[in-house]
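See below for the structure under consideration.
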Amino acid sequence: MLHVQGDLCDTKRTSLANRLQSTVVAAQSDIETQDEAWDGLLIRQVEFNMIACSFCGLAQRIVPQHRISLSLHGISSDLNNRVPDCFSADRFTEALLSACRMYVEDCSRRNLITSNISILVVVGKNEKNIYDQRALIGCLLLKNPKVNVLYHSFDYLKTGLKLDVNSRLFVDNQEVAVVYFRTGYTPDAFPDDETWDVKYELERSSSYLNILSTFAHQYTLDEEMGISDSTEIQYVINDCLLRPDNYVLKPQREGGGNNYFGEELVQKLKSIMNHSERKLYVLMERIQPYIFENSILNSTSASGELNVKKMVTELGIFGAILACKDEIFLNEFSGHLLRSKPLESNEGGIVAGYGCLDSPFLV
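When we follow full-length UniProt numbering, the leftmost residue of the sequence shown carries the number 1, and every step to the right adds one.
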């Protein structure tokens with residue numbers, strides 16, 4: 001696992017609790033094909049997500065759902081078991097509980113009395129992905145019913161939080177051991193200075209934080225990021241302008257619907273090349289994924305009808321990490337997420353409405 005650590009506003013950390021961060025991460029990969037044969041398949045890593053990695057809860061639940069569907073269609077149990085288990089919710093909740101225990105231990109070393117600690121889940125004002133979040137927290141409460149879970153938006157926290165003299169975080173007079181962000185990865189999450197002030201207070205508290213970097217590290221077209229040959233840089237740019245369908249321009253953003261393709265890519269690339277804004281983008285060679293046929297059942301399916309479509313898929317590998325600077329206390333594989341989308345869709349975000357949850361079938 002790759003651990004990326006950053007402090008907001010250069011906040012100075014003063015104790016183990018302040019410096020320790022926990023997160024669930026997802027390494028997203030595509031299956032690329034060079035020809036129509038299986039021998040031509042390759043795995044290409046797309047990105048490394050490190051904030052609000054969605055669907056830990058529902059990814060675990062979709063496996064039995066797909067197994068039931070296969071059984072209802074007469075698939076034998078031997079073939080049914082080729083849909084692999086996924087324990088993403090179990091693994092991540094174990095990481096959250098481990099962070100809570102370490103928080104209590106650290107407070108004890110500092111001679112601070114703790115009682116009835118809570119996990120704060122920071123959510124959007126009009127949260128759309130609540131079922132995935134509830135599935136995850138439901139799994140957590142099954143493991144430890146005594147853990148209190150608070151759901152609040154940045155707006156609520158403007159007046160609902162405070163720090164004591166030891167930088168311990170309290171929300172509605174309840175002590176918070178872990179802050180779990182499920183929002184804060186798009187600019188519209190911070191509409192005013194008061195929201196940034198809330199983020200600052202959360203960062204400087206002694207609660208354990210999940211990391212807020214969207215991408216771990218990807219190369220931009222800048223000399224400082226590893227490509228020192230200006231001729232090579234210009235060659236890539238020229239090739240992109242001539243063959244834009246072979247590239248994708250990605251900002252350091254998450255949530256779906258942010259990438260540029262085709263003619264939109266050309267226009268955006270031309271507009272940023274002579275501005276500092278270009279450092280916010282990554283120009284990548286576009287992956288040509290393996291194409292298969294499948295059906296999607298969702299709320300837009302008329303009368304529950306299933307239409308067979310050409311589809312592509314993206315595999316995400318979850319991981320949980322608990323670390324303090326160079327010391328890693330927990331670092332483990334935490335399940336998988338398979339997302340499928342129609343071939344004609346450039347984006348794959350599920351909440352954004354482009355893709356859907358899926359399960360691998362091993363052959």
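From the three backbone atoms N, C-alpha and C, an ideal C-beta is built for every residue, glycine too.
Taking every protein chain shown into account, the CB of D188 has fewer than 16 other CB atoms within 10 angstroms, so this residue is exposed.
Per DSSP, reduced to three states, the secondary structure at R44 is strand. Under the three-state reduction of DSSP, I287 is assigned to coil, being neither helix nor strand. Here F333 has R91, I317, F318, G319 as same chain residues with Cβ atoms under 8 Å from its own Cβ, once five neighbours each way along the sequence are excluded.
Taking the CA atoms as reference points, W196 sits about 22 Å from N173. Exposure of P191 is indicated by the presence of fewer than 16 other C-beta atoms within 10 angstroms of its C-beta.
At the C-beta level, G335 and C86 come within 8 Å of one another. A straight line joining the alpha-carbon of N81 with that of H66 spans about 11 Å.
Between N346 and N259, the beta carbon gap of about 7 Å places them in contact (Cβ cut-off 8 Å). If only uninterrupted beta strand (DSSP E) runs of at least 3 residues are considered, those enclosed by the stretch 292-336 are 292-295, 308-324. CA-CA distance, E277 to L142, rounds to 46 Å. With fewer than 16 other beta carbons inside 10 angstroms of its own, N307 counts as exposed.
C-alpha of L112 to C-alpha of L157: approximately 24 Å in a straight line. Taking C-beta atoms as the reference points, V171 and H152 count as a pair closer than 8 Å. With 16 or more other Cβ atoms from the protein chains shown falling within 10 Å of its own Cβ, D358 counts as buried.
Assignment of I137 by DSSP, reduced to helix, strand and coil, places it in the helix class. When secondary structure is reduced to three states using DSSP, C356 falls in the strand class. For D132 and Y235, the gap between their C-alpha atoms comes out near 44 Å. Shown here for D245: same chain residues with a beta carbon closer than 8 Å to its own, the five before and five after excluded, namely F261, G262, R286 in chain order. Residue environment analysis places Q60 among the buried positions, since at least 16 neighbouring C-beta atoms fall within 10 angstroms of its C-beta. In this structure, the straight-line span from the alpha carbon of Q252 to that of L280 is close to 6 Å. Separation of L330 and L322 (C-alpha to C-alpha, rounded to the nearest whole angstrom) is 5 Å. Per DSSP, the continuous beta strand (DSSP E) segment holding F170 begins and ends at 169-171. The residue among M311, E232, I328, R182 with its C-alpha nearest the C-alpha of N49 is R182. Distance from the Cα of L163 is smallest, within the candidate group E105, T313, K310, K199, for K199. Contact between I119 and L96 is confirmed by a C-beta separation of about 6 Å, below the 8 Å threshold. DSSP lists V149, V178 as the beta-bridge partner residues of I119. Under the 10 Å beta carbon count, M311 is surrounded by 16 or more other beta carbons and is classified as buried.
Distance from the CA atom of I75 to the CA atom of S69, rounded to whole angstroms, is 9 Å. For P64, there is no enclosing beta strand (DSSP E); the residue is found in the alpha helix (DSSP H) stretching over 56-72.
Here I51 is buried: its Cβ has 16 or more other Cβ atoms, across all protein chains shown, within 10 Å. Cβ-Cβ separation between L343 and I291: approximately 6 Å, consistent with a contact (criterion under 8 Å). Taking 8 Å as the upper bound for CB-CB distance, E175 and I117 are in contact here, some 5 Å apart. In summary, M102 is buried, with 16 or more beta-carbon neighbours lying within 10 Å of its beta-carbon over all protein chains present. In its chain, beyond the 5 residues on either side, R278 have a beta carbon closer than 6 Å to the beta carbon of I272. In the DSSP assignment, V266 falls within the unbroken alpha helix (DSSP H) covering 262-272.
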